[in-house]
Amino acid sequence: MKIILNIWRQKNATSAGKMVRYEMPNVSEHMSFLEMIDVLNEELTKKGEDPVAFEHDCREGICGCCGFMIDGIPHGPQRGTTVCQLHMRHYKDGDEVWLEPFRAKAFPVIKDLMVDRSAFDRIISSGGYISINTGSAPDGNNLPVIKKCSDQAMDSASCIGCGACVASCPNASASLFVSAKITHLGQLPQGQAERDRRAMRMVLKMTEEGFGYCTNTGECEAVCPKGIKIENIARMHRDYIKASVLYREESKAGGAG
Amino acid sequence: MALNLDSKIPSGPIEQKWDKAKFDMKLVNPSNKRKYNVIVVGSGLAGGAAAASMGELGYNVKCFCFQDSPRRAHSIAAQGGVNAAKSYPNDGDSIYRLFYDTIKGGDFRAREADVWRLAQVSNNIIDQCVAQGVPFAREYGGVLANRSFGGAQVSRTFYARGQTGQQLLLGAYQALERQIDAGTVKMFYRSEMLDLIVIDGRARGIITRDLVTGAVDVHVADAVVLGTGGYGNAFFLSTNAKGCNTTAIWRAYKKGAGFGNPCFTQIHPTCIPQSGDYQSKLTLMSESLRNDGRIWVPKKKNDTRPANTIPEDERDYYLERRYPAFGNLCPRDIASRAAKICCDEGYGVGPGGKGVYLDFAESIGRLGRKTIEERYGNLFEIYERITGDDPYAEPMRIYPAVHYTMGGLWVDYNLQSTIPGLFVLGEANFSDHGANRLGASALMQGLADGYFVIPYTMGNYLAQVKPGGVDANHPECRAAKDAVDARTKKFLSIQGKKTVDEIHRELGKVMWEDCGMARNAAGLDRAIKRIPEIREEFWNNVKIPGSGAELNQSLERAGRVADFLELGELMCRDARTREESCGGHFREEYQTPEGEALRDDEKFCHAAVWEYQGDNKEPVRNIEPLAFEHVHLAQRNYK
């Protein structure tokens, strides 16, 4: 089938970008969306033109590398699907699509469809972990975890950090991403000791990085390829409000801290 | 000059070797640790765990990944689980049994002492990951759940739905981010290692290219750790992520590190068959599916009837028939080869007859659709998304695909390569899986190396060297950087007619046909002749657009493919000279009358370790003999 692609081309972070139209006359329905762009890139390379830069790695929907806007929707029209897992059988002959990078202040464009999502790493770095050094863990079964809590933690931990939630949000909020980590660790007994600190630090870091606030629009949940629920955000708010009353910076008194 | 292949296996009974080794190791005083700089390349289970753990100890760590975040490392895609000898289910497991299964599963081509240690620290891995908040599957009573997995008769596999690798990697990633916040680890994103710096015989740093700006930089250190994964993408089509490459270990090989058993490749039996020529990546279906799925082909050749219309007595459940004791759970190499034989003989199903059925109808009948959904829901979804078929209603079609490379840089018991100060962890080394890896053992090895081995052995090495002493202006650093710059310039100057992918695809075709699931002397000789021709064409006719001073994905791929074009030949040479069949290395000339792999322990009970001699010169094959004192050398039997 024939597909018309309009792709955002931008040479680097500082140059201006624009939409460029490409026609793909022979697209197979079994191709993935990214395989279609692979074919385009092979043609561009042979013509001596610059291929379209886009992020991808595992192509199995788990690494979180890929992601751009297809007709204004992060990862495209199919629910619960990263763009690498989106197949062309969902399109029909003659369809015209518009591809753009994720747009958010905290995700500057690097080139074409690639953006810099390192703000996510810095948020995790601010507190998205349990402080346990290698070698000091008790036996795994010493600490039973209620199955329901463990399952909920796993639901939240499924987040792949792709940034679709930010791209879809009118406020470019990272609340779904941040709350998924806060919920994952907050549901587990291991995560209780640092629960206040984690909420406090991660939420403040999110703001510092230039992400907006959550206004319960719900776009994030609708586009999340891993089905992360907006109820995570409610948990984050609860943890944050509690922490903003109770949390005190750690003191070195009484030990190394 | 022959390589020094002293394995440094500690003396004493096998169950005490690691404890003894740890006690004998020299220690670095806590206040001196920060004076030492350690470079870790790769941020997956091995590299990420190593960087975090060494940061916790107080070393000054620089960690590098080519992706945009350490959380993207390909460990994330592992589905099935991680083994440990906890014996929580009370079903007869022990460190000894995990050790035994791993040695036997690897077809007696791994070092006993290393594998024992792997089995021993496996239990610490589970404890560590639970403490980090990895949401392993749990029973209703709150304790950890286990399942049986790929070729094991005990339930020793811990799992987090079908996303175990993701969850273990996020655990290591979070530990790493914690150290980045603490200032002990400095992370370099989108940064690819393009060469190793060796000064006075010691690994002293790396050359990197910043993939966004194109800047080429020198990083010096007191030791270098490579946790850069496997090289399955030499076959072009594999289940590896697109970015997986051999460059880091290949550059180290060319600087003097021995390459162990390069031909040992694992072909995974349960992947989604290829659908077209445009495809550049194959998708694995976790082998956990074999716990409840039954594999079959029609008894009639070239049978094109829809699967569900083929009556029960016209189906050949060939694994259950040939291996009644293990059935659908026999090891990966055996299951893959059996599928290939069926398809080669004309019993295959689907386009081109390149597929066999993996059928859940019986399990759904016995356990109910809900249970199957809980166990494999995400895998069924992946399958449906890719193929458009519903595996609840009709059997999946699967076919083997390249998945893992057991070979890698040779390391001693301390995980040190033949270059002092260069340590290699996880899939990048050759150490623990012999000629075939058992399911759920890759995650175990990556984390064992990263969390529980390198923090000790690195200390032992650093305690014996003075910190510092070289900087980026050292002539060797400058020479390495100049070589990288010259290579980039050369790539960009060719401006031929073929794309990097076209040439990579050609290499992959040769590798798959002549160095794949079944190999023979004639095919390997052909490949050894053909690959240099493809290489020649690459260096004269590849087209790489753009410049080196910007983000240039074609240039990145070109560098990786240039290295695959050299490694591919070495893999074929290794396969050619190993005149026996063992594990995933099946030489057609050496098989039992029943068609099983026939080892030659007289001649080949050793690791082959290749030594670089210069471009276009034949590399030298060294050997490290293997001794089996605890597991009796025997032909594997899964019948």
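Those protein sequence lines, which keep their order, are chains D and E. Going by our numbering, the first sequence opens with residue 635, and the numbers climb by one from there. Going by our numbering, the second sequence opens with residue 8, and the numbers climb by one from there. C-beta atoms are modelled at their ideal positions from N, C-alpha and C, and glycine is treated no differently. For clarity, every value in this text was computed on a predicted model and none was experimentally measured.
* Pull up the distance between the alpha-carbon of E:Trp417 and that of E:Gly263, whole angstroms please. => 11 Å
* To do: Evaluate E:Ala98 with the Cβ neighbour count: other Cβ atoms within 10 Å of its Cβ, from every protein chain shown; 16 or more gives buried, anything less gives exposed.
  => Ala is not the amino acid found at residue 98 of chain E; the sequence shown has Asp there. With fewer than 16 other Cβ atoms within 10 Å, it is exposed.
* To do: Return no unless some Cβ of chain E is closer than 7 Å to the Cβ of D:Tyr656.
  => no
* Asked: Roughly how many angstroms lie between the CA atoms of D:Cys803 and D:Ile764, to the nearest whole one?
  -> 29 Å
* C-alpha gap between E:Tyr406 and E:Asn240, whole angstroms -> 17 Å
* Continuous beta strand (DSSP E) assignments of at least 3 residues falling wholly in the stretch 157 to 232 of chain E -> 192 to 195, 198 to 206, 209 to 217, 223 to 227
* **Same chain, Cβ closer than 6 Å to D:Lys815, five either side skipped, listed in chain order** => Gly762
* Minimum length 4: unbroken alpha helix (DSSP H) runs contained in the stretch 512 to 598 of chain E -> 528 to 548, 560 to 584
* Could you please tell me which residues of the stretch 549 to 577 of chain E, in chain order, have their CB closer than 7 Å to any CB of chain D? => Lys550, Pro552, Gly553, Glu557, Leu558, Gln560, Ser561
* Asked: In this structure, what does DSSP give as the bridge partners for E:Tyr406?
  -> E:Cys278
* Asked: How would you call E:Leu640, buried or exposed, if buried means at least 16 neighbouring beta carbons within 10 angstroms?
  -> exposed
* Asked: Which value, in whole angstroms, describes the spacing of the CA atoms of E:Ser101 and E:Asp26?
  -> 18 Å
* Would you mind working out which of E:Lys361, E:Lys646, E:Lys497, E:Arg628 sits nearest E:Asn11, comparing C-alpha positions? => E:Arg628
* Could you tell me which uninterrupted beta strand (DSSP E) segments, each at least 3 residues in length, are contained entirely in the stretch 412 to 498 of chain E, listed from first to last along the chain? => 429 to 431
* To do: In the DSSP assignment, find the unbroken beta strand (DSSP E) run with E:His613 in it and report its ends.
  => 613 to 618
* Asked: Which residues in chain D sit within 8 Å of E:Pro280, going by Cβ to Cβ distance?
  -> By Cβ distance, chain D contributes nothing, its closest Cβ being about 11 Å from E:Pro280, past 8 Å.
* D:His709 versus E:Ser129: straight-line alpha-carbon distance, rounded -> 38 Å
* Since D:Leu668 is in the alpha helix (DSSP H), which residue starts that stretch and which ends it? -> 667 to 680
* **C-beta atoms of E:Arg382 and E:Asn335 nearer than 7 Å** => no
* Contact set for D:Glu730: own chain, Cβ-Cβ below 6 Å, skip 5 residues either direction -> Ile638
* Own chain partners of D:Ile864 with C-beta closer than 8 Å, once the 5 adjacent residues on each side are dropped -> Leu810, Asn850, Gly852, Cys854, Glu855
* Neighbour-count burial assignment, D:Ile875, 16 or more Cβ in a 10 Å radius -> exposed
* Asked: Beta-carbon of E:Val219 versus every beta-carbon of chain D: anything under 7 Å?
  -> yes
* Segment contact, 8 Å Cβ cut-off, at least three pairs: the stretch 79 to 91 of chain E with the stretch 169 to 185 of chain E -> yes
* **C-beta neighbour in chain D for E:Lys377, strict 7 Å** => no
* Asked: Out of curiosity, what's the CA-to-CA distance linking E:Ala28 and D:Arg831?
  -> 40 Å
* Looking at D:Ile757 and D:Val812, is the spacing between their C-beta atoms short of 7 Å? -> yes
* State buried or exposed for D:Gln644, treating a residue as buried only when at least 16 other CB atoms are found within 10 Å of its CB. => buried
* To do: For E:Phe266, count neighbouring Cβ atoms within 10 angstroms of its own Cβ and tell me buried if that reaches 16, exposed if not.
  => buried
* **Buried/exposed call for D:Ser770, threshold 16 Cβ in 10 Å** => exposed
* So, is the C-beta of E:Asp108 closer than 7 Å to a C-beta in chain D? -> no
* Asked: Rounded to a whole number of angstroms, what is the C-alpha to C-alpha distance between E:Ala152 and E:Arg116?
  -> 31 Å
* Asked: Going along chain E, which residues have a C-beta under 8 Å from D:Asp672?
  -> Tyr285, Ser287, Asp508
* Asked: Cα-Cα, which of D:Ala887, D:Glu657, D:Glu843 is closest to D:Glu674?
  -> The identity of residue 674 of chain D in the sequence shown is Leu, whereas the question assumes Glu. Among D:Ala887, D:Glu657, D:Glu843, the Cα nearest to that of D:Leu674 is on D:Glu657.
* **Alpha-carbon spacing of E:Lys473 relative to E:Leu429, whole angstroms** => 16 Å
* For E:Asp134, go through chain D and note every residue whose CB falls closer than 8 Å to its CB, in chain order. => Ala771, Pro772, Asp773, Gly774
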